[in-house]
Amino acid sequence: MAKVRDLLTPAIDRVWRSAMHDHGFQRAGRRDFVRVCGGILHEFNFQISASGSRDFCVNVAAFSIAGNDMPVLQPGFRLAAPNGADVWLPSASADDAEKSAITMLQLAIVQALHFFAENSSYQQHARYLRAQRWGSEHHRWFQIGVAEAGSSDKVRATEALKTAISYYIADGRDWCAVCIDRAEALISAIDSDRHNELLEQWYDQNRRIHRLH
Numbered sequence: 001m002a003k004v005r006d007l008l009t010p011a012i013d014r015v016w017r018s019a020m021h022d023h024g025f026q027r028a029g030r031r032d033f034v035r036v037c038g039g040i041l042h043e044f045n046f047q048i049s050a051s052g053s054r055d056f057c058v059n060v061a062a063f064s065i066a067g068n069d070m071p072v073l074q075p076g077f078r079l080a081a082p083n084g085a086d087v088w089l090p091s092a093s094a095d096d097a098e099k100s101a102i103t104m105l106q107l108a109i110v111q112a113l114h115f116f117a118e119n120s121s122y123q124q125h126a127r128y129l130r131a132q133r134w135g136s137e138h139h140r141w142f143q144i145g146v147a148e149a150g151s152s153d154k155v156r157a158t159e160a161l162k163t164a165i166s167y168y169i170a171d172g173r174d175w176c177a178v179c180i181d182r183a184e185a186l187i188s189a190i191d192s193d194r195h196n197e198l199l200e201q202w203y204d205q206n207r208r209i210h211r212l213h
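Position 46 of the sequence shown, counted from 1, bears residue number 46 in this note's numbering, the numbering being contiguous throughout.
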């Protein structure tokens, strides 16, 4: 089978790179863009359809680097049409790729920048997360705990982490033990006023995972 030519990546280079640089983003991998604001990673993630059509969408995410030791896209959303449907656009031809990249950039500026502005510090991120509901509530409460600790609200951080632990215990799957250990480690660091030190350590450990230079 002939290899399908990637016409999207060069289109993104032409259309997105300069605009992203103006907003403080750097390239991450072949197509994606990231920046860091107050310990929170802002990401544009280009997803190619698995159908082989070369259609693509753009995922938008904002999350704490210290709180995530694996790649994630939550909280976040896909760039959407006015009716709320996810936008998938073609890139099988050079012309399609160019036009689609322009359309996606226009959507990104309208839809994503406000979301990023609401998640540009630990304090803002904690506020945003508290208004969310996730299918995995244990992870949401852990992320709230990290964000509250990062903003030095030790009481609310400890309460959130204890809530996360209760959810992990109720879940009971094997991997929950690791998550409980991390939550307990942060509670202990808060108690001894070493939470900033621990968050910096986690941040440094997770930088490469999130493709930060």
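Where a beta carbon is used, it is the ideal one built from N, C-alpha and C, also for glycine.
- According to the DSSP assignment, N45 belongs to the beta strand (DSSP E) that extends over I40 to I48.
- Within the region 123 to 162, the runs of alpha helix (DSSP H) at least 4 residues long that lie entirely inside it are, in chain order, 137 to 150.
- A contact is defined here as three or more CB-CB pairs under 8 Å, and the region 157 to 174 fails this definition with respect to the region 23 to 31.
- When rounded, the separation of the alpha-carbon atoms in T103 and N196 is 41 Å.
- Cβ-Cβ distances below 7 Å link E118 to Q124 and Y128 in the same chain, with the five nearest sequence neighbours on each side left out; the list follows chain order.
- Excluding five sequence positions before and after A112, the CB atoms of its chain that fall closer than 6 Å to its own CB belong to V60, given in chain order.
- Between A66 and G150, the alpha-carbon positions lie close to 9 Å from each other.
- In the three-state scheme derived from DSSP, where H, G and I count as helix and E and B as strand, V110 is classed as helix.
- Here P82 is exposed, its C-beta having fewer than 16 other C-beta atoms within 10 Å.
- Inclusion of A183 and I209 in the CB contact set at 8 Å is not warranted, their separation being larger than that value.
- If you draw a 10 Å sphere on the C-beta of I12, you find 16 or more other C-beta atoms in it, and that means buried.
- Between L198 and G38, the alpha-carbon positions lie close to 16 Å from each other.
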